[in-house]
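Enquirer: So in this note's numbering, spot 23 of the sequence shown is number 6, and the numbers just go up one at a time. Ideal Cβ placement from N, Cα and C applies to all residues, glycine included. Just so it is clear, the structure is predicted and the values come from calculations on it, not from any experiment.
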Amino acid sequence: MSEQMREQFETAYKVACLKRSVPRFDAAVFAKDHCDDYLNSLVQSAWWAWQESRISLVIELPKPWQTNVGAMLTPNGVRFAIEAAGLKVTP
């Protein structure tokens, strides 16, 4: 997995820890072993779920339609496909 994805995970994990009714966070939870796995089993499980949620995300886009300047996807068709996957789309 990319370092960017790991950074996103760690940021989200930290934010979630600080949103609890008793906010607490210790950066030591991100300590890793020689295999680059987290030593903290709860964090490692959350990391696994984070990766799987992104790997399993596949969006089938609508077929492009031909115009005089080439093939195009309609913005509404793309929006519908993304929303059908359960994701939010901002304007």
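State buried or exposed for TRP30, treating a residue as buried only when at least 16 other CB atoms are found within 10 Å of its CB.
Expert: Your numbering for residue 30 matches position 47 in the sequence shown. Per the 10 Å Cβ criterion, buried.
Enquirer: How many Å lie between LEU56 and ARG37 at the Cα?
Expert: Along the sequence shown, one-based indexing puts residue 56 at 73. Along the sequence shown, one-based indexing puts residue 37 at 54. Near 24 Å, if we compare the C-alpha coordinates of ARG37 and LEU56.
Enquirer: Using the Cβ count rule (16 or more neighbours within 10 Å means buried), how would you classify PHE8?
Expert: Walking along the sequence shown from the start, residue 8 turns up at place 25. Looking at its Cβ environment, which holds fewer than 16 other Cβ atoms inside 10 Å, PHE8 is exposed.
Enquirer: Taking the alpha-carbon positions, what's the SER24 to LYS15 distance?
Expert: Working through the sequence shown from its first residue, we reach residue 24 at position 41. Working through the sequence shown from its first residue, we reach residue 15 at position 32. The alpha-carbon atoms of SER24 and LYS15 are separated by roughly 11 Å.
Enquirer: Our contact map puts LEU40 next to ALA67 with C-beta atoms below 8 Å; I'd like the distance itself, whole angstroms only.
Expert: Against the sequence shown, residue 40 aligns to sequence position 57. Against the sequence shown, residue 67 aligns to sequence position 84. That pair is no contact at about 12 Å.
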